[in-house]
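Here's the structure we're looking at; comments come further down.
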Amino acid sequence: MRKLALSDEILLSIEKPARYIGGEVNAVMKEKEKVDIRFAMCFPDVYEIGMSHLGIQILYDMFNRREDIWCERVYSPWVDLDKVMREKKIPLFALESQDPILDFDFLGITLQYEMCYTNILQVLELSGIPLDAKERGDGCPIVIGGGPCAYNPEPIAEFFDLFYIGEGETVYDPLLDLYKECKQSGASRQEFLRRAAHIPGIYVPSLYSVTYKEDGTIASFLPTKEGVPAKITKEIVMDLDNAPYPEKPVVPFIRATQDRVVLEIQRGCIRGCRFCQAGQLYRPVREKSLETLKHYATTMLDSTGQEEISLSSLSSSDYSHLEELVDFLMTTCQEKKVNISLPSLRIDAFSLDVMGKVQDVKKSSLTFAPEAGSQRLRNVINKGLTEEVILKGAGLAFEGGWSRVKLYFMLGLPFETEEDIRGIAELSNKIAALYYEVVPKEKRNGPVQIVSSTSFFIPKPFTPFQWAPMCTKEQFLDKAALTKQAVREQLNQKRIKYNWHEADVSVLEGVFARGDRKVADVILKAYEKGCIYDAWGEYFKYQTWVDCFQECNVDMDFYTTRTRNDEEVFPWDFLDCGVNRAFLLREWKRAAEAVVTPNCKMQCQGCGAARFGGGICFEQRGGDAV
């Protein structure tokens with residue numbers, strides 16, 4: 024019988040104690056005396072969010088296949104338990120063994136979104152690990168970060184010993200083997216880090232130094248030790264069929280945000296939307312075979328008892344065997360009474376036919392992301408959708424029995440005008456009106472419902488828009504107000520609901536996304552002043568953040584509203600994501616001219632991803648890749 028880290032008294036006094044007890048179905052238990060390496064895998068947010076993360080599920084399974092490693096999970100304690108742990112000096116613990124994180128060899132932290140940065144400091148402090156990596160001694164766990172935000176690790180670089188750049192299935196084994204060798208030989212922490220820096224895809228911040236120009240931009244970013252690479256290239260898995268994937272994912276005790284089996288059907292995206300970071304980072308597109316997916320779908324449903332399966336992809340419609348896969352799942356899932364979820368589908372005849380098969384008679388809402396209200400702005404962002412295509416898709420959906428449509432747009436996009444903003448309301452109105460044109464009165468399932476939501480554009484690293492300025496908080500709010508007013512002016516305004524994202528959160532996310540090492544001081548100060556769970560609206564303290572920037576003499580506008588010149592050295596330029604800078608700059612110039620670039624299946628654009636030697640760059644195209 025395991026001894027829990029928290030007493031019954033504490034567990035009964037906090038919200039959702041099941042977050043902290045472990046012991047879930049498919050959780051991996053090992054004897055710690057029989058392993059050489061203990062790895063605590065952390066998602067720096069609450070249990071329900073962390074348990075929904077596919078990347079951790081993959082690595083948890085992959086690590087635990089090794090007999091010499093025990094990988095356990097840890098999440099950020101919610102605010103109620105955080106307070107108790109500080110008062111009672113209870114160290115942060117892993118779910119499986121309930122042992123303190125300080126007893127582990129590694130603390131791996133997933134960097135999924137920028138607004139979790141103060142939670143990283145919470146995890147470190149509650150674990151008893153010095154926040155500054157330079158202050159950690161040989162007995163401290165090695166703190167390693169990975170995930171999308173690791174593509175600009177600089178704002179949090181001083182809190183980490185290592186970063187893993189790219190997909191985790193490739194070089195973790197050599198990294199862990201090196202650690203095991205160093206541990207057995209008695210090598211120092213610094214010796215391990217120095218040797219780790221020679222492993223492809225591994226970034227050791229302490230082995231690099233940065234200098235700045237008088238205007239605050241970067242003058243140089245160079246390694247301080249001989250043999251340490253000046254540029255670090257992302258790691259990528261080219262053969263997804265033979266890559267590790269969990270057959271027995273851990274089943275959460277309480278309802279997670281994504282409480283279902285996740286079937287990853289492909290990685291990457293052919294579309295080339297200029298605002299989208301994932302579309303660049305995960306190039307080239309690589310598919311899993313139909314047989315592989317059938318195996319994992321069946322196995323995971325059997326091992327979890329989940330009542331829903333979701334197909335994971337940046338653009339599910341582009342998977343070449345989607346129809347056959349859905350037909351298989353329809354048969355399998357009907358037998359097991361399991362729902363099928365199909366996110367990231369385009370609204371076209373094929374996709375609607377597929378969705379019509381899997382959704383019950385009472386059709387749920389359709390989600391569609393035109394991103395921009397006018398054709399000109401859709402061309403600027405390379406969305407590749409005409410109004411005709413949008414309306415045709417909506418019409419087919421209405422004829423198919425759907426009456427609720429969710430539309431997603433962005434405000435503050437580069438080269439945006441007032442006309443583009445008004446276009447959001449006008450397009451929403453046209454879609455609402457179309458419902459009454461194509462659906463006879465006797466066949467209508469009540470009135471049409473259009474929910475139009477806007478987020479605020481944030482220029483991300485390794486996108487064509489990394490050179491673009493971002494709006495101020497006030498400008499964002501003005502644009503949202505204009506959109507709201509434009510919706511009210513439409514004939515079908517009662518059928519259109521308009522929502523918008525928080526502007527102040529977007530501004531801060533923009534600073535973190537494009538920040539450099541100077542931002543670390545601000546993050547630390549904000550954390551010391553009580554900032555935590557910044558991704559949660561009820562705990563976000565914007566004014567505290569503003570005060571911290573001022574106290575640290577760091578200018579927020581320098582990272583957000585400033586236009587970059589073509590030659591500026593970015594904080595992330597020492598990383599190579601597989602897409603070359605010349606391609607991104609070319610796309611930035613084409614955006615200014617509102618010129619559309621064809622997708623990868625139509626024509627190779629020479630982005631640089633062909634160097635990996637596989638995927639869409641070489642399939643279906645007859646050697647057209649460059």
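This note's numbering numbers the first residue of the sequence shown as 24 and each following residue consecutively.
All C-beta atoms in this analysis are idealised placements derived from N, C-alpha and C, irrespective of residue type, glycine included.
Query: S374 versus Y305, S339 and E158, residue with shortest Cα-Cα distance; Result: S339
Query: Alpha helix (DSSP H) segment containing V146, residue limits; Result: Y140 to S150
Query: Pair within 7 Å by beta-carbon distance, I37 and T280; Result: no
Query: Uninterrupted beta strand (DSSP E) stretches inside the stretch 308 to 367 (no shorter than 3 residues); Result: 331 to 335 and 362 to 364
Query: CA-to-CA distance, V619 to C627, given in whole angstroms; Result: 14 Å
Query: Extent of the continuous alpha helix (DSSP H) run through E287; Result: Premise fails: E287 lies in the beta strand (DSSP E), V284 to E287, not in any alpha helix (DSSP H).
Query: Beta-bridge partners of F479, as assigned by DSSP; Result: L434
Query: Inter-residue Cα distance where the pair is V394 and E442; Result: The sequence as given places Glu at residue 394; Val does not occur at that position. Cα to Cα, the separation comes out at about 15 Å.
Query: Contact check, V577 vs K541, beta carbons under 7 Å; Result: yes
Query: Selection from A503, A63, G45 and W559 that minimises the alpha carbon distance to V146; Result: A63
Query: Q213 to L144 span [Cα, whole Å]; Result: 22 Å
Query: Whole-angstrom distance between G78 and P272, CA atom to CA atom; Result: 11 Å
Query: Under the three-state DSSP convention, the category V528 falls into; Result: helix
Query: Whole alpha helix (DSSP H) elements within the stretch 466 to 513, 4-residue minimum; Result: 496 to 511
Query: Residue from H221, G224, E331 and Y562 with nearest C-alpha to D282; Result: E331
Query: Beta-carbon proximity check, I288 vs K317, cutoff 7 Å; Result: no
Query: Stretch pair the stretch 511 to 525 + the stretch 216 to 230: three plus CB contacts closer than 8 Å; Result: no
Query: Among P40, K496 and F391, the one whose alpha carbon lies nearest that of H524; Result: K496
Query: L245 burial status per 10 Å Cβ neighbour count (16 or more: buried); Result: exposed
Query: Exposed unless 16 or more other CB atoms sit within 10 angstroms - verdict on Y187; Result: buried
Query: Span separating the alpha-carbon of P164 from that of S150; Result: 10 Å
Query: Exposure of G629, with buried meaning 16 or more beta-carbon neighbours within 10 Å; Result: exposed
Query: Cβ pair V471, Y458 closer than 7 Å; Result: yes
Query: Whole-angstrom distance between I124 and A156, CA atom to CA atom; Result: 16 Å
Query: Residues bridged to I277 [DSSP beta-bridge criterion]; Result: According to DSSP, which records beta bridges pairwise, I277 is partnered with nothing at all.
Query: Within 7 Å, strictly: CB atoms of M138 and D527; Result: no
Query: Host alpha helix (DSSP H) of W611 (start-end); Result: R604 to A615
Query: Selection from A543, C94, E32 and I225 that minimises the alpha carbon distance to K111; Result: E32
Query: Of the residues D128, A180 and G169, the one placed nearest L547, counting alpha carbons only; Result: A180
Query: Contacting residues, own chain, Cβ-Cβ under 7 Å from K385 (five flanking each side not counted); Result: The pLDDT assigned to K385 is 48, lower than 50, so where the model puts this residue is not dependable; a value taken from the coordinates is nonetheless given after this. Cβ neighbours of K385 beyond the five flanking positions: none.
Query: Residue closest to I255, alpha-carbon to alpha-carbon, out of G224, I241 and Y268; Result: G224
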